[in-house]
Structures are given as C-alpha cells and as structure tokens.
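Protein chains in written order, with the working numbering: chain A, 1 to 423; chain B, 1001 to 1423.
Read through the structure below, which is laid out as structure tokens, and then see the notes.
Protein chains: 2
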Amino acid sequence: MSQLSETHRDEMHALGRRARAASRALARAPGRARAAALQGMADALDAHHAEILAANAKDLARADEKGITGAMRDRLALTAGRIADMAAGLREIASLPDPIGEVLSERTRPNGIRVAQVRIPLGVIGIIYEARPNVTADAAGLCLKSGNVVFLRGGSEAAHSNAAILAVLREAVAAAGLPADAIMSLPSTDRAWILAMLEAEEFLDVIIPRGGEALIRFVTANSRVPVIKHYKGVCHVFVDCDADLDKAEAIAFNAKVQRPGVCNAMETLLVHATVADQFLPRIAAALIEAGVELRGCPRTLCLVPSAVAATEADWHAEFLDLILAVRVVDDYDAALDHIATYGSDHTEAIVSENYSTVRRFLTEVNSSVVVANASTRFSDGGQMGLGAEIGISTTRLHAYGPMGVNDLTTRKYVITGDGQTRH
Amino acid sequence: MSQLSETHRDEMHALGRRARAASRALARAPGRARAAALQGMADALDAHHAEILAANAKDLARADEKGITGAMRDRLALTAGRIADMAAGLREIASLPDPIGEVLSERTRPNGIRVAQVRIPLGVIGIIYEARPNVTADAAGLCLKSGNVVFLRGGSEAAHSNAAILAVLREAVAAAGLPADAIMSLPSTDRAWILAMLEAEEFLDVIIPRGGEALIRFVTANSRVPVIKHYKGVCHVFVDCDADLDKAEAIAFNAKVQRPGVCNAMETLLVHATVADQFLPRIAAALIEAGVELRGCPRTLCLVPSAVAATEADWHAEFLDLILAVRVVDDYDAALDHIATYGSDHTEAIVSENYSTVRRFLTEVNSSVVVANASTRFSDGGQMGLGAEIGISTTRLHAYGPMGVNDLTTRKYVITGDGQTRH
C-alpha cells in the first residue's frame, strides 16, 4: 500500500480549500437553483451516454483481463438502460422537497430573544465506495439536493466510468450556474489518497464509506473525520409463540429469499419453542425448496433432519446468500438475549398476534429498524418513504437506520434580539 | 505516557460488557424510574457532602503540593455550597420532560405498513474531562435522564473527589432500583486507559471530551468511537454600517467583558469601515477602562492609538481573557470572508438595523449559533432554553451548537404491519 506523503497532504488541502469555497457558494444557492442543476445533470447523463459507455467499456476490458466475473462484473457494467436509470434517479431527487432552511423549532425566551433551529447542509461529504459507478451519480445528486459538496473516491475498477460521469456532472452543474466544485473527486484511486482524505478534518464534515466490511473498518480505524457507517446486517426474525403461522411463513420466506444478497435480508430465524414443532417443518420445507441451506441449533436439527449443525460463527454471520441460521429459543427473553449477543443493530422483526409481546419487542429492541409482522426487507429508505437512500447507519450518532436527504443536513441555532446582553 | 496493553484491553472489554448490560436495563426503565433515581442521587449528594469534601481536601492538598493555583485550583475546589448546587442541578434535570419514547414522525405507506421514528437513548456515552469534579454529577445526571449509561474518565487532579462522588451516585442509583452500572468509570486515571476507551467501539456509542484543545485533539486523533467536540470558540461580533451604535456598544462590551474566560465570549470585533471612526473610539474607551487589551489592524491603530498591532495569530486566537482582536472591514463581504477564514463555527453575531443585511448574515453564516442584535454570551444551553448543557459541538455531525438532553438521544424506526412482504 502506498504511504501518505507531504505532497498528498498539500494537494489534499488545496482540494479541500476548493471544496470549502464551493460549499459556501452552494449553501447560499436557493433550492430552485439546486433543483435546476439536478435536472441539468440528468439531461447531461442522457446526452453523453455514449461517452460514458465507452469509458465503461475500458473498465470492463480491464476487469475481463483480471478475470473479474459474476456479481462484481455485473455491478461494474453500465448499459444505456442503467444510465437512463441514473438520470431518472436524479430527476426524482430534484423533485423531493428542499430540506434546507426548514425551521425545526422556535421559541421566545423570557428576555425576548428568539431562538430558532434551522436546517443547513452538513458541508462537505466524503463518499468512499467500491466498484459501482451508479453511486457516483446517486451520491452527487443527494448531496447537491441537500446543499452539500460531495467529495468522491470510487474504486479503481470503475476509474474510467467514474471519471466520465464526474466530468459530465461537473459540466452540467457549472452550466446551471453553480460551482463545478460542488462535485469533486480525489486525483487518483491510489490508496494513499484515501489516507489524505481521512486526515483532512478541516475540509470534510463526514465520510460515508460504502462497501465491504474490510473497507469500512479501514476507514473507521484511520479517520479523523467523523464516519457514518454500518459494518454488516445480521437481521433476525423472531416467530413468537402467539404468531399467526401463515404470516410467519410468508414473512420469513420473503425476508430470506426475495433478495438474499442485501443487508436487510434475514440471516437468523428464531422460533419460540412452543411453536417450533408446528412451524419449523413447514418453513424449512418452503425454504429448502427455494434452495436455502439451513444451519440449525440441536433442537432445529431434531425437527429438520436435512439441516446442518450451526457453528458459533453462523450466529454472527451475514451470509448475503441462500443460507439461514435457525435457532429454537425457550421464550421471548431468550430471543432478546440472542439478538443482544449476535445482532448488528440493523433490523429485527417479530411475528406475533400478542399485543403486549409486540409492544415489548418494539420498545426493548433498539436496533435501527424494528419491525412487527412485516418483512425485514422493508428496512429501506425507498420502502419507508424517505426517498432515495444514501446509505444506512448502524452506529447511533447523527443517523440510525436508512438515511435519506434529511440525514445529510444538520441544524444551526439562530438567535434574534433587539440589543439584549447577558447579566 | 503509558502504553495500551492486552490487560487494559481485556479489562476495558469486561467493563464494556457491563456497560452494555446496564444500558439494556436502563433503556427498559420508565421515565419515572429514571427521574426518581435522579432525585435519589441529589439527596445522596446532600447526605454525603462531608465525605465528598474530605475526598476533595485530599485532591486540594496534592494540588497545593504541585503548586497549582488560580483558576485551575478554583475549578477543583468543592464547598458545601458547590455540592448543594450539584444536587440542585440533578433535581432540575429530574424535572425536565422525558425525552425517551417521543414519536418524532409517523406515516402510513401505500402497502399499509406504518413507519414511525421514536426517540431512544444513544446507549453508552464516554465523557473525558479534566479537573472539574462537578462534571461527574452533571454528566451522570444528563446521561441517566436520557436513558444512557455514562462512562466517565475524569482528570487525575480530581481523582479522590470524583471517586467519592461516583460511589455516592452509584449507590443512589442502585437504591432506586436501577443498575449501579448506569454510572461507570475507568479503573484509573492512567492515560493508557483512555486509549483502551477510545478503541472500544463495540461498547461505547460516543465520546464527549471536555477540556483543553490538546486533550480534544488527542481524543479525536486516537478514537474509533465517534467523538462530539469543539476545539475552540473564536466568536466574532460584526458591527455593520447600519448598526445602532448604542446597541453595538452594549453588545460588544457584554460579549467581551461579562465573562471573558468562556468559549462564547467575543474574541474578534469586526467593524464596518463606514462607522469605524464613530464607533471604534467609544467602544475602545469602554473596553480599555474595563481592562481589555486591544490588538488591532492598521486602520484600528489609527483610530485607537493605545491598541497594539494584531498579528496573524491574533485572528486565530481564543484568548479566553481580557484581550480583543479588532479589525476594520471594508464591507459585509469582507466581514464574511474574515469569519470564513478565522472562525471556529462556534458563535457569530451581527449588529445591524438593516433588515436585508441581517437576513443575509443569518442565512449565509453557518456557524453553530448565529446571532442578530444580541450578545454572543447567549450561545448557551441554559440561556437558549435547552435545559442543562452537556457540552457544545462545532462539528456538524449529530449535534451542532450547545447540546441538551435531546442531543444525547437518537431515533430508531418502528415499522408495524399485518403480514406485509416485499415484491
């Protein structure tokens, strides 16, 4: 790995000063100007899709040389349709309500000063991501909508694609009368630049890493800039003794099978001992038919002979695949203990018709999203009505759960008086 | 400085597990139980004030041996009156509205699921502070009120005082039926323990350092746990060409002189060139009479011959003393440029009767607190009606400006359905 040098640091500071200058200009631009720039960015992606595809072809050729295949190559590949989707995403972001300037509260104090809280941009947002070029447009769009400068560092696999998209978007922002530096990137994908970025606390207000756990741990361990992150999603569904077993089957099946490779898919199923003999054989049959490998506790193995024995590692695992850990628990408290021990604070669901049990679960489980009688797959900004999602946080500071445009803002206090001084 | 060892790490993890267990219990306790524990803590401080004073006498004796005097010794010293103030502070915190469980928003989605945002505790809050033993009770009270476990690391100078206060408070919490581990501390004031704490990201949700800039920079550089902080307060007052000069004089005088040693005191006065010859001589006379040393730009020196020439360092300085940097600026934009270059995002004030200028300033300056026609000294949780203050943040993530009890919380999403699955 390359080392951070004085040159990196100096260049990063120069870029950081440009970002801060753009941030000041952007914070003054009215919402209408930001929305117009987003429309212009969408139009520009459509108009320049041939150049973007040509750049993407270079990245794909290099990926093929390296023998990259499957899901990773798929994430890298752009098509005319995917570029049109990126443009449509920008238009949707443009149409969201403007978060900036919202007055969140206002009060008059006994001495007559008024104290308001007003929503403002975070400032400069760093996004560190891997091989998905569509993140370039999504992140730039969400940051611009919320009045933030975005500072992008994409993966080297997508370097040509990202550079092409960046050039198109910067030109469109400038054409709309806003600073092109509203969208910036590191000069190279060399890892030393990431270190320079992580040190630049005067110039960046937050870094959001999007990618595998190793990347996110590297960023957290090395950053002086605050980080919003989630390491992994080990989501649980607890089928209570008072569950409607038809709902339980539909929910558990959907949570595991509908899209197993995403962070809000179920990874562990917890079944109350009282209903285990009724419920486990039927859900197991449905899951096995769908190709799911079951890894069970000893009691599960008695009821589902085709399951394999779960190891301690399986309870911690984010499989992101058609694999499910299954445990029979004695009661509600044992379910909560399991979640407290192995959970990742992402999403936990209960299936139960018992009012008091549901109420306890929703109160006592403090994961970022807690669900009663619905699939964990609803733990998603779009599904929850937050609009486009910039990421998800499983650390509690600032944002917790799926993050929409509002989570890219903060609030300042505005005090107005007519000459008051303090005694 | 001591180095972090495996022993430190193992012991920190054992403490962290206890903190997490207490956090789960605390998050389930109703607001009434937390308020009763706070009352019990206040009563216990009153009842045990003799022991606390005896412990404080040991700290003071050691401080005297070391030759510690002045403000630092004063911050360390407790009296019966100061202990009564700590108890009164806890009773006031007990009487605040309970922040936990507040529903911040709720919506029904087209498929019938309901999505609510509910306020919950942050979890476990680390407080690293220096020689002020009253912080022990204040921080413990604010954290308990908001359902958080507090993990304290006080300065070695106050070790006996802090240990005595901690023992009294823990006993009171246990007597009220809540876990004594709601209030924890590091086993020693050895600095290696701070490093163990900064690494313990599984067990701590946030660290709030309170103290000098060196301490805060050390914490930020070494922490994997998110940090809420402010490095310093370089607060500006801008006297516009349309200022009411009587108000301007009262505000500038108050902002500098009323309590110069605190972070919301004015450090730099910016005066519009148009009114400089009218305003500067009169405010300078008042300030000099109050014992303030003026450090001015060349134009200031012409108008105030007794001022000394300001250096570049003076524009960056948080004097925390009866010293003021003064600059004459050509216009509004020059004032904003100065603030953007030298400001610390703490508190900036404008004095002006011009509606449009005030509106621009309050919109365009994104410091954590912006003020029109009032003293910067109102940038304070108590003055602003937030209740007791746990600290102030000049970084934009999570909280920005003075922090009250609500800023020690986050929100989770609660999704309720009746069997919904995702298509």
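Backbone N, C-alpha and C fix where the C-beta goes; we use that ideal spot for every residue, glycine too.
Here's the rule: buried if 16 or more other CB atoms are within 10 angstroms of the residue's CB, otherwise exposed. What is tyrosine 1129(B)?
Classification for tyrosine 1129(B): buried.
Among all the DSSP beta bridges, which residues are the ones paired with lysine 1412(B)?
Its beta-bridge partners are Val1118(B).
Starting from threonine 300(A) and walking both ways along the alpha helix (DSSP H), at which residues does that stretch end?
Element bounds for threonine 300(A): 298-303.
Below 8 angstroms on C-beta distance, what does arginine 28(A) contact in chain B?
Under the 8 angstroms cutoff, chain B gives Thr1363, Glu1364.
How many whole angstroms separate the CB atoms of aspartate 1331(B) and histidine 1272(B), which I take to be in contact at a CB cut-off of 8 angstroms?
7 angstroms between Cβ atoms; contact.
Using only alpha-carbon positions, find the residue among Leu1294(B), Glu1267(B), Arg1073(B) that is nearest to alanine 1280(B).
The question names alanine, but residue 1280(B) is leucine in the sequence shown. Here the closest residue by C-alpha is Leu1294(B).
Does any residue of chain A have a CB that is nearer than 8 angstroms to the CB of methionine 1001(B)?
Bear in mind that a pLDDT of 45 at methionine 1001(B), under 50, signals an unreliable position, so the number given afterwards is only what the model happens to contain. No - not a single Cβ of chain A is within 8 angstroms of the one on methionine 1001(B).
Along the stretch 245-268 of chain A, where does the CB come closer than 7 angstroms to a CB of chain B? Name the residues.
Flagged, chain order: Lys247, Ala250, Ile251, Asn254, Gln258.
Between alanine 1313(B) and asparagine 134(A), what straight-line distance do the alpha-carbon atoms span, to the nearest angstrom?
Those two C-alpha atoms are separated by around 45 angstroms.
For valine 1405(B), does the three-state DSSP call read helix, strand or coil?
Valine 1405(B) falls in the helix class under three-state DSSP.
So, at 6 angstroms on beta carbons, what are the nonlocal neighbours of methionine 1(A) in its own chain, with the 5 sequence-adjacent residues on each side left out?
Low confidence applies to methionine 1(A): its pLDDT is 45, below 50, so where it sits in the model is not reliable, and the reading given next is rough at best. Cβ within range, chain order: Arg191.
Is any beta-carbon of chain A found at less than 8 angstroms from that of lysine 1412(B)?
Lysine 1412(B) counts as touching chain A.
If you measure from the beta carbon of methionine 1384(B) to each beta carbon in chain A, is any gap under 8 angstroms?
Chain A contact via Cβ: present.
Considering valine 1262(B), what are the terminal residues of the alpha helix (DSSP H) in which it resides?
Here valine 1262(B) belongs to no alpha helix (DSSP H), and DSSP marks it neither H nor E.
What does a CB cutoff of less than 7 angstroms around glutamine 420(A) pick up in its chain, not counting 5 residues either side in sequence?
Correct list, in chain order: Asn111, Gly112, Ile113.
Measuring straight from C-alpha to C-alpha, what distance separates alanine 77(A) and isoleucine 68(A)?
For alanine 77(A) and isoleucine 68(A), the distance between alpha carbons rounds to 11 angstroms.
Which residue wins for smallest C-alpha separation from glutamine 493(A), given the options Ala1399(B), Lys1412(B), Leu1004(B)?
Residue coverage of chain A in this structure runs from 1 to 423, which leaves residue 493(A) outside it and unanswerable.
Alpha carbon to alpha carbon, how far is lysine 145(A) from valine 115(A)? Give it in angstroms, no decimals.
C-alpha separation (whole angstroms): 26 angstroms.
With a CB to CB cut of under 8 angstroms and the five nearest residues on each side skipped, what residues in its chain are close to arginine 153(A)?
Cβ neighbours of arginine 153(A) beyond the five flanking positions: Gly126, Ile127, Ile128, Tyr129, Ser185, Leu186, Thr189, Trp193, Ile194, Met197.
Sort out for me which residues DSSP pairs arginine 20(A) with in a bridge.
In the DSSP output, where bridge partners are listed per residue, arginine 20(A) has none listed.
Closer than 8 angstroms, CB to CB, is threonine 341(A) near chain B or not?
Taking Cβ atoms only, chain B never reaches closer than 8 angstroms to threonine 341(A), which makes this a no.
Can you tell me which of Ala310(A), Trp315(A), His316(A), Phe253(A) puts its alpha carbon nearest to the alpha carbon of alanine 286(A)?
Of the listed residues, the one whose Cα sits closest to alanine 286(A) is Phe253(A).
So, helix, strand or coil for asparagine 111(A), using DSSP?
Asparagine 111(A): coil per DSSP, three-state reduction.
So which residues of chain B does glycine 401(A) contact, with C-beta pairs closer than 7 angstroms?
Simply Lys1412, Tyr1413.
Hey, is glycine 1123(B)'s beta-carbon within less than 8 angstroms of any beta-carbon in chain A?
Yes, because at least one Cβ of chain A sits closer than 8 angstroms to the Cβ of glycine 1123(B).
Would you call the stretch 198-206 of chain A in contact with the stretch 170-179 of chain A, where contact means no fewer than 3 C-beta pairs closer than 8 angstroms?
No, they do not touch.
Name the chain A residues that come within less than 8 angstroms of serine 1367(B), Cβ to Cβ?
The contacting residues are Lys412.
Could you name the residues of the same chain whose beta carbon sits closer than 6 angstroms to that of glycine 1404(B), not counting the 5 residues immediately before and after it, in chain order?
Gly1381, Leu1386, Gly1387.
Beta-carbon of arginine 1210(B) versus every beta-carbon of chain A: anything under 8 angstroms?
By this cut-off, arginine 1210(B) is not an interface position.
Tell me isoleucine 1100(B)'s beta-bridge partners as DSSP assigns them.
Looking at the DSSP assignment, isoleucine 1100(B) forms no beta bridge with any residue, so it has no partner.
Could you work out which residues of chain A lie near glycine 1243(B), taking near to mean beta carbons separated by less than 9 angstroms?
As written in the sequence, residue 1243(B) is alanine, which differs from the glycine given in the question. Ordered by position in chain A, no residue passes the 9 angstroms Cβ test against alanine 1243(B), which lies about 10 angstroms from the chain.
Any contact between the stretch 351-364 of chain A and the stretch 318-329 of chain A? By contact I mean 3 or more CB pairs, one from each, below 8 angstroms.
No: the two stretches stay apart, fewer than three of their Cβ pairs being nearer than 8 angstroms.
Kindly list, in the order they appear in chain B, the residues whose Cβ is closer than 7 angstroms to that of histidine 398(A).
Near histidine 398(A) (Cβ distances below 7 angstroms), the residues of chain B are Leu1397, His1398.
Return the Cβ separation of isoleucine 1288(B) and serine 1306(B) in integer angstroms, given the expectation that the two are a contact with Cβ distance under 8 angstroms.
Yes, isoleucine 1288(B) and serine 1306(B) are in contact; Cβ-Cβ is about 6 angstroms, under 8 angstroms.
Can you pull the chain B residues whose beta carbon is under 7 angstroms from the beta carbon of alanine 206(A), in chain order?
A quick correction: the sequence has valine, not alanine, at residue 206(A). Ordered by position in chain B, the residues that pass the 7 angstroms Cβ test against valine 206(A) are Leu1397.
Could you please give me the residues that DSSP links to glutamine 1420(B) through a beta bridge?
Answer is Ala374(A).
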